[in-house]
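Under our numbering, the residue at position 71 of the sequence shown is numbered 103, and the numbers go up by one with no gaps.
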Amino acid sequence: MNQQRRTFIIYAATASSISAAAAFAQKATPELVKESDANAVALGYSSDGSKTDVKKYPQYAAGQSCSGCTLYAGTSKDASAACPVFGGKFVSGKGWCSAWVKKA
Ligand code: SF4
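The structure is reproduced here in C-alpha cells:
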C-alpha cells in the first residue's frame, strides 16, 4: 500500500468516526426522570401533573406544571427540560412535583 493510499484511508476512517459521533450526539436524548426514581417518589413527581394525588399533595392546583415552575430550565414550548431538583435530568413540561414554585 502506498503512502497516499494509506493516508487517504486514515482520513476517511477518521471522518467516518467523526460523522458517527456527531450523529450519535444528535440522537442522544437527555435522561428523563422516572416516576419510580427514589427522589421522584419522595417529591411526588408525576410526568403528568394532572394525575397528582391531591389527597397526598393538597398544594397541587389544576394548571400547575413543570413548564410553569421557576426551576424548569426550558420554555413553555419545550416538551421537556432540565430540572435542578433532579440533578439536571429532564422532566416533562406537563409534569409536577411538590417542589413546584410558580415561574415569575
Ligand atoms: S421542581 Fe418544578 S420543574 Fe422540577 S420537577 Fe418539580 S415542578 Fe417540575
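All C-beta atoms, glycine included, are put in the ideal place defined by N, C-alpha and C. Only a predicted model underlies this, so the values are computations on that prediction, with no experimental measurement involved.
Take the alpha-carbon of Ala60 and the one of Lys88: they are about 35 angstroms apart.
In this model, Thr107 and Ser99 are separated by some 7 angstroms (Cα to Cα). With respect to the 8 angstroms criterion, Ser112 and Leu64 are classified as neighbours on the basis of their beta carbons.
In terms of side-chain proximity, the C-beta atom of Gly127 is found nearer than 7 angstroms to a non-hydrogen atom of the ligand SF4.
Counting the other CB atoms within 10 Å of its CB gives Val133 a total below 16, which places it among the exposed residues.
Rounded to whole angstroms, the Cβ separation of Ser97 and Gly125 is 6 angstroms, and the two are in contact under 8 angstroms. Considering only Lys83, Ala105 and Thr84, the residue with the shortest C-alpha distance to Lys121 is Ala105. For the pair Gly119 and Ser79, the CB atoms are not nearer than the 8 angstroms cut-off. A distance criterion of 7 angstroms places the beta-carbon of Val73 beyond contact range of the ligand SF4, judged by its closest non-hydrogen atom. A Cβ-Cβ contact shorter than 8 angstroms links Thr102 with Lys135.
Minimum Cα-Cα distance from Ser82 among the listed residues Ala93, Pro116, Ala72 and Val73 corresponds to Ala93.
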